[in-house]
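Take a look at the structure below.
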Ligand SMILES: C[S@@+](CC[C@H](N)C(=O)[O-])C[C@H]1O[C@@H](n2cnc3c(N)ncnc32)[C@H](O)[C@@H]1O
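In the numbering used here, the protein residues as written are -2 to 288.
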């Protein structure tokens, strides 16, 4: 197995419990809300295309939260993930067995097995897209659907997330010199951000380029949205996270002013409009396998 994939597997294995816990958080942070709303949109896309009892494979199923929601809606669900601890969480949460360790680039199922393949926030951890997409296409039945979430390469938040660590790295030695060395104080550990799993290097996802790639691999695009304020992994994330703790208060204030229904209609318009949503952090596509 390539060393990059090993790193991804190890990092997600270490973070499995934390990953499961962020969905269970009664006061979800901005990042958790982003994950939860990604599932909500993906569920809508699945339900719009396939009736209950259809066979669904979730690749990169993580702790099984999306799989549990699909099972609850009556779908027959299987899940694979590279990280074994994630699979243990998924089995426990879904109280069912069809979860196993597996790689999206070598899906351990025969051709034409599933009606739907769901993959949320996985492809950005690969070194390239093609092999994974070919595998997704292979295991889908003719006319089967794939619902795939990937980051939005245009999102200024994502770009900032890449720039901030570099700026911090440049400024940190001078800051430490002034704050600790000159005063002969012990410097704190810089391990704080070490556990973050970053996307594969140099990968950016642009809608047009992706649509071209999908069509080239015999997928017909059916639906697309762009949503969310990001899964910020740099020190900027800590600032955004703490601000997001206050978000519930802002939201309740806005709801009181314009009403919940209007707000939800406005946010639906936002996620579907390419003129408005270029700021958002993530694309979700639903595509149909042409065979
Ligand atoms: C960002 S998490 C998303 C988990 C889940 N889809 C969710 O939305 O909560 C990415 C997941 O993809 C898994 N993963 C990464 N590379 C993979 C690969 N090549 N094959 C299968 N799973 C992979 C990781 O182990 C991790 O559980």
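All C-beta atoms in this analysis are idealised placements derived from N, C-alpha and C, irrespective of residue type, glycine included. Computed from a predicted structure; not experimentally measured.
(1) Identify every residue that forms a DSSP beta bridge with residue 223.
(2) If you follow the beta strand (DSSP E) that residue 39 is in, where does it begin and where does it stop?
(3) Does the Cβ of residue 89 have 16 or more other Cβ atoms within 10 Å, making it buried, or fewer, making it exposed?
(4) Please tell me whether residue 152 has its Cβ less than 8 Å away from any Cβ of chain C.
(5) Figure out for me which residue from 137, 101 and 134 has the closest Cα to the Cα of residue 124.
(6) Report whether the distance from the Cβ of residue 2 to the nearest heavy atom of ligand 3 is below 7 Å.
(7) Would you check whether ligand 1 has a heavy atom nearer than 7 Å to the C-beta of residue 78?
(8) What is the DSSP secondary structure of residue 341, counted as helix, strand or coil?
(9) For a test of your reading of the model: does the CB of residue 97 fall under 7 Å from any non-hydrogen atom of ligand 1? Yes or no.
(10) Under 8 Å Cβ to Cβ from residue 105, same chain only, skipping five residues before and after it: list those, please.
(11) How many Å lie between residue 254 and residue 247 at the Cα?
(12) Cβ-heavy atom distance between residue 177 and ligand 1 below 7 Å?
(13) Mind checking residue 287: buried by the 16 CB within 10 Å criterion, or exposed?
(14) Check this for me: beta carbons of residue 283 and residue 217, under 8 Å apart or not?
(15) Should residue 92 and residue 70 be called a contact, given that it needs their Cβ atoms to be closer than 8 Å?
(16) Residue 117 lies in the beta strand (DSSP E); which residues open and close that run?
(17) Hey, could you find the ends of the beta strand (DSSP E) residue 94 is sitting in?
(18) Kindly list the residues whose CB is nearer than 8 Å to the CB of residue 73, restricted to its own chain and excluding five residues on each side of it in sequence; keep chain order.
Looking at the coordinates:
(1) 280
(2) Here residue 39 belongs to no beta strand (DSSP E); instead the alpha helix (DSSP H) covers 27 to 46.
(3) exposed
(4) Absent here is chain C; the protein component of the structure consists of one chain.
(5) 101
(6) No copy of ligand 3 occurs in the structure displayed; its ligands are ligand 1 alone.
(7) yes
(8) Residue 341 lies beyond the range of the chain shown here (-2 to 288); nothing can be said about it.
(9) no
(10) 77, 97 and 99
(11) 11 Å
(12) no
(13) exposed
(14) no
(15) no
(16) 111 to 117
(17) It is not in any beta strand (DSSP E) - residue 94 carries neither H nor E in the DSSP assignment.
(18) 50, 51, 52 and 53
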